[in-house]
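Okay, so the sequence shown: first residue is 29 according to the numbering used here, each after it adds one.
Even for Gly, the Cβ is constructed at its ideal location relative to N, Cα and C.
Just below is one structure, and these are the notes that go with it.
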Amino acid sequence: MFLASPLITWTRRVGAWLRRVPITDPVDRRNAPALQVLLLFLGIEVPLNKGYHLLAGHVSMTGWRLAVDLGTDVAIAGASFFAVWMIRRGRLRQGIATFLAVLMSCAVAANLAFGYQLQAFDPYPMVMLTVAALVIGRRALWLVYACIPMVFALGMASPWGFDPERSGRAFQNLPSLAFSYLMIAIVLDRTVAALRETLWKAQRSAQQLREQMVERERMRERMLHMQKIESVGHLASGVSHDFNNVLGAIVGYTAERHRLDEFDFDPEPDARRMGEALEGIELAAQRGIALSRKLLSFSRRELAVPARFDAAQSLKDLLPMLRQMFDGHADVVLDVPDTPVPVCLDRSQLDLVMLNFAANARDAMPGGGRFGITLRDSGDGWARIVVADTGKGMSAEVMRQAFEPFFTTKPAGEGTGLGLAVAREMAQEAGGSLTVDSTPGSGTRFTLRLPRVA
Numbered sequence: 029m030f031l032a033s034p035l036i037t038w039t040r041r042v043g044a045w046l047r048r049v050p051i052t053d054p055v056d057r058r059n060a061p062a063l064q065v066l067l068l069f070l071g072i073e074v075p076l077n078k079g080y081h082l083l084a085g086h087v088s089m090t091g092w093r094l095a096v097d098l099g100t101d102v103a104i105a106g107a108s109f110f111a112v113w114m115i116r117r118g119r120l121r122q123g124i125a126t127f128l129a130v131l132m133s134c135a136v137a138a139n140l141a142f143g144y145q146l147q148a149f150d151p152y153p154m155v156m157l158t159v160a161a162l163v164i165g166r167r168a169l170w171l172v173y174a175c176i177p178m179v180f181a182l183g184m185a186s187p188w189g190f191d192p193e194r195s196g197r198a199f200q201n202l203p204s205l206a207f208s209y210l211m212i213a214i215v216l217d218r219t220v221a222a223l224r225e226t227l228w229k230a231q232r233s234a235q236q237l238r239e240q241m242v243e244r245e246r247m248r249e250r251m252l253h254m255q256k257i258e259s260v261g262h263l264a265s266g267v268s269h270d271f272n273n274v275l276g277a278i279v280g281y282t283a284e285r286h287r288l289d290e291f292d293f294d295p296e297p298d299a300r301r302m303g304e305a306l307e308g309i310e311l312a313a314q315r316g317i318a319l320s321r322k323l324l325s326f327s328r329r330e331l332a333v334p335a336r337f338d339a340a341q342s343l344k345d346l347l348p349m350l351r352q353m354f355d356g357h358a359d360v361v362l363d364v365p366d367t368p369v370p371v372c373l374d375r376s377q378l379d380l381v382m383l384n385f386a387a388n389a390r391d392a393m394p395g396g397g398r399f400g401i402t403l404r405d406s407g408d409g410w411a412r413i414v415v416a417d418t419g420k421g422m423s424a425e426v427m428r429q430a431f432e433p434f435f436t437t438k439p440a441g442e443g444t445g446l447g448l449a450v451a452r453e454m455a456q457e458a459g460g461s462l463t464v465d466s467t468p469g470s471g472t473r474f475t476l477r478l479p480r481v482a
C-alpha cells in the first residue's frame with residue numbers, strides 16, 4: 029500500500045518524460061514513447077544477456093567469431109541509445125533510420141559469420157519490418173523486406189555456417205522465408221496505411237470544424253450587426269420625432285431671453301425665470317445626448333460583453349424608445365417588479381432584442397393594438413420576460429421556422445430575418461432559452477428565460 033503511491037508517481041513522471049519530445053508530426057509524437065521504451069530495452073538487454081552468457085560459460089566460440097558476436101551486440105546497444113538521443117532532440121525518423129541501418133549491417137555480419145542455421149529464429153527481421161512501417165513509411169518497409177531475403181541467402185551460402193550434411197539443399201528454405209515475410213510486409217503496409225489515412229481524415233475533420241467555428245462566429249457578428257442596422261432604421265423616424273421635440277423645447281426655453289430687452293425688466297423674478305429656462309435647456313440637451321448615445325451603441329460593431337445588471341431597470345430605461353416605435357398607434361405596457369431582477373448578459377443585446385420584438389409587433393398590428401412586456405422572478409433561479417402583442421399571429425409552420433436565420437414573412441427589402449435568430453442565440457449564450465406561442469388572429473407571445481444571478 030505504501031509502495032504503490034511512489035511507484036505510481038514514478039511511472040507518471042517517466043511517462044511524462046517519454047512524451048516530452050520536440051516532435052510536431054502527430055503520428056511520430058504518439059509513437060515516440062513506445063519506441064523509446066523498445067530502444068532502451070534493447071540497449072540494456074542485449075549487453076546484459078551477452079554478459080550473462082559469457083560469465084556462465086555458455087559461449088563456445090573463440091577468435092574472430094567471438095569478436096563478431098560481441099561487436100554486433102555492442103553495435104546494436106550503441107545504435108539503440110543513439111536512436112533514443114536523436115528522438116529526444118526531435119529527430120525521430122533519422123534516429124530510427126540509423127538504428128535500422130546498424131541492425132541490418134549486424135544481421136549481414138552475423139549471417140556471414142555463423143550461417144543461416146543460427147539466425148533462423150532471429151526476431152530482429154520482424155522488428156525491423158514493424159519499426160520501418162510504423163515510423164519511416166512504405167519505402168523503408170519494402171527496402172527492409174528486400175534486404176531480408178538477401179541476408180538469409182548470405183547466411184545460407186556462408187562457408188562458415190554451411191552444414192555439410194545438407195549439401196545442395198542450402199537454399200531450400202529461402203522461397204518459403206521470402207514469401208512469409210512478404211505476407212507480413214503486405215499486412216504491415218496495409219495496416220499502417222489505413223491507420224495514417226484514418227488519422228489524416230480525423231485531422232482534416234478537426235481543421236474543418238475549427239474553420240466552421242471561426243466562420244460561425246463571423247456570421248454571428250455579421251448577423252448581429254445587420255440586425256442592429258435594421259433596428260436603427262426602424263427607430264429613425266421615431267427618434268427624429270423625439271429630436272424635434274427636444275429641439276422644440278430648447279427653442280421654447282431660449283425664447284425667454286426677450287425678458288432681457290424689455291423695459292419692465294425685474295431682475296429677481298426674471299433672473300429666476302431665466303435660470304429655469306437654462307435648466308430646461310440642459311435637461312432637453314441631456315435627453316438628446318442619451319438618444320444619440322443609444323443610437324451609436326446600436327450601430328457600433330462590437331463583440332458581446334456580458335455584465336451583471338438589473339433587468340427591470342433596463343426595461344424601464346428602454347420604455348420611451350419602445351413607445352416611439354409605435355408612435356401612439358398602440359398601447360405599450362410594461363409590467364416589472366419593484367425589486368431588482370439581476371441577470372448577466374450583454375445589456376445592449378437585450379435592448380436590441382426588445383426593440384426587435386417591438387418592431388415585429390408594430391408590423392403585425394398595422395391598425396393598432398396592445399404591446400406588453402412582463403418581467404417576473406420565478407423564484408427558482410430564473411428571470412422570465414414575456415413579450416406579447418395582439419397582432420395577426422403566426423401559423424404552426426411559420427412558428428417552426430421563426431428562429432431560423434434569414435427566414436422572414438415580410439416583403440423583400442423590409443426585413444432581414446435575423447432578429448429572432450439573434451434573440452435565441454443571445455438567450456442560449458446567456459444559459460437561457462427563448463420560446464414562442466402564437467395563434468393566427470390571436471397575437472404572439474415570446475417567453476425569454478434568463479438565469480438570475482446572485
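Sequence-distant residues of the same chain with beta carbon closer than 6 Å to residue i, five excluded per side
i, result
"lysine 420", "Ala392"
"aspartate 379", "Leu346"
"valine 415", "Phe385, Ile401 and Phe474"
"cysteine 372", "Pro334, Arg336 and Val481"
"leucine 70", "Ser108"
"arginine 452", "Phe431 and Leu462"
"alanine 424", "none"
"tryptophan 38", "none"
"methionine 132", "Cys175"
Per DSSP, the bridge partner or partners of residue i
i, result
"arginine 412", "Arg404 and Arg477"
"serine 466", "Thr472"
"arginine 398", "Asp359"
"phenylalanine 69", "Paired residues: none, contrary to the question."
"cysteine 372", "Arg336"
"serine 461", "Arg477"
As assigned by DSSP and simplified to three states, the class of residue i
i, result
"alanine 430", "coil"
"aspartate 359", "strand"
"aspartate 345", "helix"
"serine 208", "helix"
"aspartate 217", "helix"
"serine 233", "helix"
"serine 33", "helix"
"aspartate 150", "coil"
"aspartate 53", "coil"
"aspartate 417", "strand"
"alanine 482", "coil"
"phenylalanine 291", "Only weak support exists for where phenylalanine 291 lies, its pLDDT of 49 falling under 50; the value from the coordinates is given anyway. Correct three-state label for phenylalanine 291: coil."
"histidine 86", "coil"
"threonine 367", "coil"
"glutamine 200", "coil"
"proline 187", "coil"
"threonine 436", "coil"
"arginine 48", "coil"
"threonine 165", "Per the sequence presented here, residue 165 reads as glycine, with threonine not at that position. DSSP places glycine 165 in coil when its eight states are reduced to three."
"methionine 393", "coil"
"methionine 247", "helix"
"methionine 382", "helix"
"methionine 254", "helix"
"methionine 422", "coil"
Close beta carbons around residue i, own chain, < 7 Å, minus the five adjacent residues each side
i, result
"glutamate 432", "Ala449"
"tryptophan 340", "Reading off the sequence, residue 340 comes out as alanine, not tryptophan. Hits under 7 Å: Val364, Pro365, Pro368, Val369 and Leu403."
"aspartate 338", "Pro368, Val369 and Pro370"
"tyrosine 144", "Phe180, Gly183, Met184 and Gly189"
"serine 470", "Gly421"
Neighbourhood of residue i by C-beta distance below 8 Å, restricted to the same chain and skipping five residues each side
i, result
"proline 54", "Leu227 and Gln231"
"phenylalanine 127", "Leu67, Ala107, Ser108, Phe110, Ala111 and Val159"
"alanine 125", "Ile164 and Ala168"
"arginine 121", "Asp56, Val163 and Ile164"
Nearest-angstrom Cβ-Cβ length linking residue i and residue j, presumed shorter than 8 Å
i, j, result
"valine 179", "alanine 135", "5 Å"
"leucine 362", "methionine 382", "Actually they do not touch by this definition, with Cβ atoms about 10 Å apart."
"alanine 389", "aspartate 417", "4 Å"
"valine 130", "asparagine 59", "Between asparagine 59 and valine 130 the Cβ distance is about 19 Å, and since that is not below 8 Å, they are no contact."
"valine 96", "alanine 141", "4 Å"
"alanine 213", "leucine 169", "6 Å"
"isoleucine 51", "glycine 118", "5 Å"
"leucine 76", "glutamine 64", "Not a contact, Cβ separation roughly 18 Å."
"isoleucine 176", "proline 153", "5 Å"
Return the chain-ordered ranges of every alpha helix (DSSP H) run that is complete within the stretch 94-148 and spans a minimum of 4 residues.
Contiguous alpha helix (DSSP H) elements confined to the stretch 94-148 occur at 120-142, taking only those with 4 or more residues.
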